[in-house]
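Asker: My questions will all concern the structure given below.
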Amino acid sequence: MVMISSCSSYTAVFLAFVTSASALAVNRSQPEKRAQCTATLSVALSVAHRLQDHYYSSSNGQYNGGSLWTDANTLEDLHNLMLATGTDDFASVADNSFIGRNANNPSTNWNAVLGGSNDDAGWIVLSLWKMADYKASRGQSNTAFLNAASKIYDIIEGQWDNVCSGGVWWSTAHTYKNAITNELFLLLSAQGYRRGFGQKYLDNAKKTWDWLKNSGMRNGDNLWNDGLTNDCKNNGQTTWTYNQGVIASGLAELAVVTGDRSLLTEAEKTVDATIARLTANNILRESCDNAQSGGAVCNQDQQLFKGLWTKHLQFYLDAANEASRTDKYRSFLGSQQSAVFHFGMFLVPTQRIKMTHPEHL
């Protein structure tokens, strides 16, 4: 049976093409100023329209077949795209989205909305900040979105304890400490300080990186395994690509706010290891990308991971702001874009069906 494309497939394509629209400008009221590729942005805009037309439900503000954390990433990307192009094609989405509706309601119980997922919470903060950036750039009030992000950040912060000598729990069930939740907390904390939210953000960023680098989750190949065992050892589980990308963007933000450029070298240890060890034919590859040989197929969450690595590598390069570092990865990023352009609407490389039926969109 041919496997049809999904909302996550479209979102992954969108991530790759909108990546170049994701600069982290210090002046958050202005669109990003990094030079953009007009052709790439045009493709991103086309994909975004198809995503919205076929998957977004304006009645509930969610994406059909999506989840809270994938929705959050898509919302972040839509608003990055509008900031980059100067368009307002999706201007109503921030307030209409499920996340935006809750942000605009000061009575929202965010603990209930998050359902105990601290990693999902991190993605939502990033989306709220980007929607706030867009609103500010259009002369609109963004206070509700910034306030909501602050509340969620405080929820995540409250999940730090001394088990395994520190770190934020993956969920409020307190059963697992992992890489992505703490990498996101590092990124949020450093970027939050850069946005002017106060000293506690910088303090949290520093202590989170100190904990991460001593946690044992970074293995001998300089890749980050998924998390820790109950006795606080590296669990040896999958080195998902997005774990390798988010640590890079978090370290770059920390480098900006501390002036410690050695953190960029720490980040590139993992970026370079990703390219060396998590690719095939110069294209990012997950352990679940084995459908062609009858093996595992990436699930809806996992389909997004490579797009997230690409996006956060660009965040890293934007924050690092060094031409030599950008040039180092230019060719590799071009290869990812080409692969996405030719195969990104398909779950597997052999799925070259013509996508004309609604279920294939």
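In mature numbering (1 follows the signal peptide of the UniProt record, and there is no 0), the protein residues as written are -23 to -1, 1 to 338. We put the beta carbon where it would ideally sit given N, CA and C, even for glycine.
Taking all protein chains shown into account, do 16 or more other C-beta atoms lie within 10 angstroms of the C-beta of Gln221, making it buried, or fewer, making it exposed?
Answerer: So Gln221 counts as buried.
Asker: Can you pull the DSSP bridge partners for Tyr33?
Answerer: BP columns for Tyr33 point to Tyr40.
Asker: Is DSSP giving Asn298 helix, strand or coil here?
Answerer: Note: Asn298 maps to coil in three-state DSSP.
Asker: Can you tell me the Cα-Cα spacing of Ser142 and Leu240, whole angstroms?
Answerer: Distance between the alpha carbons of Ser142 and Leu240: 22 Å.
Asker: Within 10 angstroms of its Cβ, does Gln291 collect 16 or more other Cβ (buried), or is it exposed?
Answerer: The residue is buried, with at least 16 neighbouring Cβ atoms inside 10 Å.
Asker: Is the region 80 to 91 in contact with the region 150 to 157, if contact means three or more CB pairs nearer than 8 Å?
Answerer: Result no; under three Cβ-Cβ pairs closer than 8 Å.
Asker: Taking the alpha-carbon positions, what's the Glu263 to Gly284 distance?
Answerer: Computed Cα separation, rounded: 11 Å.
Asker: Classify Asn259: buried if its beta carbon has 16 or more other beta carbons within 10 angstroms, exposed otherwise.
Answerer: Label assigned to Asn259: exposed.
Asker: With DSSP as the reference, identify every bridge partner of Asp264, one or two as the case may be.
Answerer: Looking at the sequence itself, residue 264 is Ser, so the reference to Asp does not match. Note: Ser264 sits in no beta bridge, so no partner.
Asker: In terms of residues, what are the limits of the alpha helix (DSSP H) holding Val223?
Answerer: First-last of the alpha helix (DSSP H) with Val223: 218 to 235.
Asker: Please name the residue, chosen from Trp46, Thr120, Val70, that lies closest to Ile101 on a Cα-to-Cα basis.
Answerer: Of the listed residues, the one whose Cα sits closest to Ile101 is Trp46.
Asker: Would you check if there are 3 or more beta carbon pairs closer than 8 Å linking the region 223 to 235 to the region 178 to 185?
Answerer: These segments touch.
Asker: May I ask which residues mark the beginning and end of the alpha helix (DSSP H) holding Gly143?
Answerer: Neither: Gly143 is in no alpha helix (DSSP H) and is coded neither H nor E.
Asker: With distances taken from CA atoms, which of Leu18, Ala61, Ser74 is nearest Gln29?
Answerer: Measuring from the Cα of Gln29, the nearest candidate turns out to be Ser74.
Asker: With a Cβ-Cβ cutoff of 8 Å, do Leu58 and Leu22 count as a contact?
Answerer: Yes, these two residues count as a Cβ contact at 8 Å.
Asker: Any idea what DSSP makes of Arg172, helix, strand or coil?
Answerer: Of the three classes helix, strand and coil, the one that applies to Arg172 here is coil, per DSSP.
Asker: If I follow the unbroken alpha helix (DSSP H) through Met108, where does it start and stop?
Answerer: Here the alpha helix (DSSP H) through Met108 covers 95 to 114.
Asker: Inspect the beta-carbon positions of His56 and Lys128 and report whether they are closer than 8 Å.
Answerer: Cβ atoms of His56 and Lys128: not closer than 8 Å.
Asker: So what's Gly204 in DSSP terms, helix, strand or just coil?
Answerer: Strand at Gly204.
Asker: Compute the Euclidean distance between the alpha carbons of Leu164 and Ala80, then round it to the nearest angstrom.
Answerer: Cα to Cα, the separation comes out at about 21 Å.
Asker: Would a C-beta distance cut-off of 8 Å place Asn159 and Gly135 closer than the cut-off?
Answerer: Not closer than 8 Å, so no.
Asker: Within 10 Å of its beta-carbon, does Thr251 have 16 or more other beta-carbons around it, so buried, or fewer, so exposed?
Answerer: Answer is buried; the Cβ neighbour count reaches 16.
Asker: Of the choices Ala71, Asn207, Val20, whose alpha-carbon is the least far from that of Ser35?
Answerer: Considering only alpha carbons, the answer is Ala71.
Asker: State the Cα-Cα distance for the pair Tyr170 and Gly99, rounded to the nearest angstrom.
Answerer: Distance between the alpha carbons of Tyr170 and Gly99: 15 Å.
Asker: Tell me the rounded alpha-carbon separation between Ala244 and Ser312.
Answerer: Cα-Cα distance, rounded: 21 Å.
Asker: Indicate the three-state DSSP secondary structure (helix, strand or coil) for residue 362 in the structure shown.
Answerer: Residue 362 falls outside the range modelled here, since the chain spans only -23 to 338, and no answer is possible.
Asker: Tell me the rounded alpha-carbon separation between Thr287 and Leu294.
Answerer: Taking the straight line from one Cα to the other gives about 11 Å.
Asker: Using the Cα positions of Asp249 and Arg172, report the straight-line distance between them to the nearest angstrom.
Answerer: Roughly 29 Å separates the two Cα atoms.
Asker: Could you name the residues of the same chain whose beta carbon sits closer than 8 Å to that of Thr247, not counting the 5 residues immediately before and after it, in chain order?
Answerer: Excluding positions up to five away in sequence, the list reads Arg195, Asn199, Leu200, Trp201, Gln221, Ile224, Ala225.
Asker: Starting from Thr47, follow the alpha helix (DSSP H) in both directions and report where the run begins and ends.
Answerer: Element bounds for Thr47: 45 to 62.
Asker: Pick helix, strand or coil for Ala257, following the three-state DSSP scheme.
Answerer: Ala257 falls in the strand class under three-state DSSP.
Asker: Are the CB atoms of Ala300 and Ala229 nearer to each other than 8 Å?
Answerer: Against a cut-off of 8 Å, the Cβ pair of Ala229 and Ala300 comes out as no contact.
Asker: Can you give me the Cβ contacts of Tyr111 inside the same chain, cut-off strictly under 7 Å, excluding the 5 residues immediately before and after it?
Answerer: Once the five neighbours on either side are set aside, the close Cβ partners of Tyr111 are His56, Met59, Leu60, Ala71.
Asker: Apply the 10 Å Cβ neighbour rule to Asp187 and answer buried if 16 or more other Cβ atoms are within range, or exposed otherwise.
Answerer: Asp187 is exposed by the Cβ-count criterion.
Asker: Out of curiosity, what's the CA-to-CA distance linking Phe320 and Gln277?
Answerer: Cα to Cα, Phe320 sits roughly 16 Å from Gln277.
Asker: Would you report the Cα separation of Gly227 and Thr218, rounded to the nearest angstrom?
Answerer: For Gly227 and Thr218, the distance between alpha carbons rounds to 15 Å.
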